[in-house]
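Mapping to our numbering: the sequence shown position 26 is 85, numbers consecutive.
Yeah, the Cβ is synthetic: ideal placement off N, Cα and C, and Gly gets one too.
Structure first, then comments.
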Amino acid sequence: MSLVDEIQNDPLGRGYAEMKPDAVLADLQEPRHPDARRVDERTVLAEFPLGVEAANTLLTKLEAVGEENALVGRVLHWLRVAEGQGGGIDVGNQQVRDTLGRVVGTAGITQGEVDALLALAPNTASRLSVLGLPTPRIRDIRQIQEVS
């Protein structure tokens, strides 16, 4: 979708036609749209809220569960493949979240550990980012609005 389509058609009903150009720009730049965030083992070790040792402990516990639970084993497989190589898991995905939630109490996995892993998920993006568009100039927005 182009910037012209976004502003003229206003598919999300943001009210661009009534906004001043600077307000349109601010709206387009506000990070409020969910954006998938895939994490791999390296990300978990680097960003786990409880620290690297706790991350390593959780990964070890998950490996133990994965030996008995094929679904958890598959999740672990994708967690091990580097995100840049098409791997990683989307910890914001509800099915992944549900799967991880079911392992609490297994192999000593605590709710706190699962919550910390799921905390890696929140990632929001601007509408411009979602659409893959560069930041427009105010005058470009004004021109688009004048044509509408």
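For residue j and residue i, the rounded distance between their alpha carbons
i    : j    : result
T169 : R161 : 11 Å
I203 : R196 : 11 Å
T194 : S188 : 9 Å
H92  : E65  : 15 Å
A76  : N152 : 34 Å
E100 : A141 : 7 Å
V63  : R97  : 31 Å
Whole-angstrom C-beta distance between residue j and residue i, which should lie under 8 Å
i    : j    : result
R175 : P108 : At residue 175 the sequence reads Ala, which differs from the Arg that was named. With 8 Å as the limit, A175 and P108 qualify as a contact, their Cβ atoms being about 5 Å apart.
G147 : L138 : 7 Å
V211 : T119 : The question about residue 211 has no answer, for the chain in this structure spans 60 to 207.
L177 : R201 : About 43 Å; that fails the 8 Å criterion.
R186 : L87  : 5 Å
Backbone secondary structure at residue i - three-state DSSP
i    : result
I197 : helix
I66  : helix
A141 : coil
A123 : helix
N115 : helix
V173 : helix
L179 : coil
G160 : helix
G110 : coil
DSSP bridge partner residues for residue i (one or two, in chain order)
i   : result
H92 : A184
V98 : I148
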